[in-house]
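What follows is a single structure, written as structure tokens, with notes after it.
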Amino acid sequence: MTERKRSEQSADTKVAKDYLTLEEAISAMKVKEAAVPLAVYPGDTTGLPASFSPPYKPVEPIKLFDNLYFVGTTTVGVFIVDSGDGLVMLDTGIGDTDIALMVNDMKKLGLDPSGIKVIFISHEHFDHYGGVQYLKKNVCPEAKVAMSLTGWNFLQTVPPEWAYIGKRPQSVDIYLSDGMKIKIGSVIFQIIATPGHSPGCLSFIFPVTDNGETHMAGIMGGSAVWPTQVEARLYKTSIEYFKAFAREAKCDVGLAFHSQESDFAQLRLRKPAEPNPLVIGQEKFDKVFLQKFRDRYQKMLESGQLNTYQPL
């Protein structure tokens, strides 16, 4: 091979590779930033709805696509992607009790929980990171934990008396940043920062297959607006920001972590020859899936509640 051809081949490779491998993402953690003070919001949030406390009611675990699964309770769930080189878990539930149920449900789907290679945490609320310690101690000790730096800092700086923190992750292996792409096995995950539900909230885009046909799934990281939080007004902007990435990726599957946001009833009744009801098309991804989040924000805005917070 001539030097010119080698140069052209090298240039082509650089253009084609717009993602980090898992090893590269972990290596990037060599530069760590110290936790910084963040806004602390007035109001007592330690009183939790009954649905966020045991006993939890499991939902029947389900295979959504060839490479995507859902396990959870009527309160919150997690998605599991089979990357072809280990499992990737997105979120971890509330705590020890419900994640233990989910681990058992993974086995019902034929998945080996010890094969979890990476845990993505969408944001710094206890019902999304609460199962990390249990998983690392009892299930998949070698799994790498990934979340946003903003989310990690939030967990280090918010006093427990201001918020229900629960069991925080003890460490993070990868800081996820806006626009980052990470390839795990054969799956490339794209990370989009969508603050508003929380300061460090993330959303995800990645490919799924249905009977071998590829579709693009988009998971909205935060599905509600907390009006007393300073960043709440960013929520609407984040929806449109996520929409731009979803449109470019041609997302036609919309998913969310809370069970009430993801209705799998039709899928459970699906017959072999029928299309997957979770594939809604690119237009409905925007005008149906994302629209419900816009409507939720607008309702909150019209209620006047977004004007009630008093930053310290």
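Residue numbers for the sequence shown, in my numbering: 62 to 373. Glycine is no exception: its CB is placed at the ideal position from the N, C-alpha and C atoms.
Cβ separation of P268 and V248, assumed to be a contact under 8 angstroms, to the nearest whole Å: 6 angstroms
Beta-carbon spacing of D188, A207 below 8 angstroms: no
Reference V193; option with closest CA among M163, S112, D152 and G176: D152
Backbone secondary structure at K348 - three-state DSSP: helix
For Q231, the three-state DSSP class (helix, strand or coil): coil
Neighbour-count burial assignment, V200, 16 or more Cβ in a 10 Å radius: buried
Contact set for G176: own chain, Cβ-Cβ below 7 angstroms, skip 5 residues either direction: G147 and L148
Straight-line gap, S68 to G246 (C-alpha atoms, nearest Å): Below a pLDDT of 50, predicted positions are generally treated as unreliable, and S68, at 47, falls in that range; no measurement from the model is reported.
Within the segment 276-347, ranges of the beta strand (DSSP E) (whole runs, at least 3 residues): 314-317
Distance between S232 and Y44 (C-alpha atoms, nearest Å): Absent from the model: residue 44. The displayed extent of the chain is 62 to 373, so no value can be given.
Helix, strand or coil at I182 according to DSSP, with G and I counted as helix: coil
Buried versus exposed, by CB contacts within 10 Å (16 or more), G240: exposed
Option nearest Y302 by Cα separation, candidates T158, C262, Y190 and Y195: C262
Stretch pair the segment 163-177 + the segment 291-300: three plus CB contacts closer than 8 angstroms: no
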